[in-house]
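First the structure, in the form of structure tokens, and then the observations on it.
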Amino acid sequence: MNQAAPSPARFLACDAFVTAAAYAPGVAAFTLGDGTVRLVRDDAEETAIAAHDGAALCLAAWADGFVSGGDDGRLVRIGADGAMEEIFRTGGKWIEQVAASPASGALACAAGKEAIVFARPGAAPRRFTHPATVMGLAFDPKGKRIAAAHYNGVTLWWIGAENASGALLEWKGSHTAVLWHPGGEFIVTAMQENALHGWRLADKQHMRMAGYPAKVKSMTFFAKGKWLATAGAESVICWPFDGKGPMGRNAREVGPQGSICTAVAAHPARGLIASGHADGSLWLTRFEDDKAACVRAPAAAPVSALSWRPDGGRLAFGCEDGAAGVLNFEPANV
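In short: position in the sequence shown from 1, add 30, done, that's my numbering.
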């Protein structure tokens, strides 16, 4: 790598745990444990929005802005200019999961055992019910199907089908997050135990990825889907997903060795992985040759959120103690 740190960088001192980060064109957003959503525009303007009465629990970029959900049961849209509107209200159940599809414009959130799906902006919500609390949501690459992770498996739904019935991918245990492969060929979940599980959709072949010293709280596919990068170990663990998947193949360990990795985010176009760690450090690693650069020194609290700008020019990060920032990689210097 050519440079160890991006310049310039913007740093924030928020007043609460950063629960999520997301990037829309020209603006980064951070949800906080006190209900605030902080916007940081690339032109240096910052805005704080009192979005939720309680904690803001989840965040996604959607329709040139963002959506956030909270423990007040509200799903709100926040424009890049800071304008806010309520999209949906559960009537008491927390909204802890949200997912959006750039391809179709579809939006989904989870409240208890239900996934509430909007096929496009302004569409009426559809409700899909599951046997247990929905712990994770992910759209397929085209935004036509949604995967909902819950206890004992994942249920797949066609969001536009009338009288839709879900297709269950079963595996015993608690599935706490879900990710759909960029090519649409695989589904991967994080488990309550220190492991991942997956399915190859063509033949429902199971894939078990274990051996982590900690729970996997973050996972991300590289742009072309050949590798899955995951947190939960003392380095970034990467599983091969070219061909038939990781069965019978070894994972690669990349990046720094030491403090447990708590968050990962793959660059949108290049073979780079950003990793945040329990010691508060933030690293950028080139997958090809495993060359790593520390872009934030160890600090007081673990990194809890990472998000690249869609073109990969900037990286937003947040930490459990409220520290946050946007690192500028324009022009590319790694």
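Glycine included, C-beta positions come from ideal geometry on N, C-alpha and C.
Quick one: measure Cβ to Cβ for residue i and residue j, integer angstroms, because I've assumed they're closer than 8 Å.
i      : j      : result
Pro328 : Ser305 : The Cβ separation is near 13 Å, so there is no contact.
Gly100 : Gly84  : 6 Å
Pro132 : Ile146 : That pair is no contact at about 19 Å.
Gly275 : Arg40  : Contact doesn't hold; Cβ gap of about 39 Å is too wide.
Gly95  : Ala54  : 6 Å
Val106 : Ala78  : With a Cβ gap of about 14 Å, Val106 and Ala78 do not count as contacting.
Ala43  : Gly352 : 6 Å
Ala293 : Ser265 : Not a contact, Cβ separation roughly 14 Å.
Ala295 : Trp338 : 6 Å
On the criterion of 16 or more Cβ atoms from any shown chain inside 10 Å, does residue i qualify as buried, or is it exposed?
i      : result
Pro243 : exposed
Gly262 : buried
Gln127 : buried
Pro332 : buried
Thr219 : buried
Phe47  : buried
Ala177 : buried
Thr250 : buried
Ala51  : buried
Arg68  : buried
Thr61  : buried
Ser195 : exposed
Glu144 : buried
Ala86  : buried
Arg326 : buried
Arg238 : exposed
Asp45  : exposed
Report the three-state DSSP secondary structure of residue i (helix, strand or coil).
i      : result
Leu258 : strand
Met114 : strand
Asn358 : strand
Gly183 : strand
Phe271 : coil
Ile125 : coil
Gln235 : strand
Val70  : strand
Ala191 : coil
His297 : coil
Ser98  : strand
Glu318 : coil
His205 : strand
Ala168 : strand
Tyr53  : strand
Cys324 : strand
Asp45  : coil
Ala39  : strand
Can you tell which of the options has its C-alpha closest to the C-alpha of residue i?
i      : options                        : result
Gly183 : Gly99, His227, Phe47           : His227
Gly343 : Glu318, Asp64, Ala330, Pro298  : Pro298
Trp257 : Asp170, Leu345, Gln222, Glu318 : Glu318
Gly255 : Phe216, Leu198, Leu357, Val325 : Phe216
Ala335 : His307, Glu200, Glu75          : His307
Leu186 : Lys202, Val208, Gly203, Ser265 : Val208
Cys268 : Pro151, Leu302, Ala330         : Leu302
Lys174 : Arg119, Ala140, Ser134, Gly288 : Ser134
Asn224 : Cys88, Arg326, Ala93, Ile290   : Ile290
Ala240 : Lys172, Asn280, Arg230, Met114 : Asn280
Trp210 : Glu192, Ala129, Glu360         : Ala129
Val284 : Trp313, Lys123, Met277         : Trp313
Ala136 : Gly190, Gly166, Ala346, Val325 : Gly190
Ala162 : Gly203, Ala86, Glu116, Gly278  : Gly203
Arg300 : His205, Glu115, Pro340, Ala110 : Pro340
Glu360 : Thr49, Ser98, Leu89, Asp72     : Asp72
Trp201 : Tyr181, Met114, Asp320, Trp188 : Tyr181
Spell out the partners DSSP gives residue i in its beta bridges.
i      : result
Ile217 : Trp210, Trp229
Val333 : Cys349
Met249 : Thr260
Ser305 : Val294, Trp313
Trp92  : Gly95
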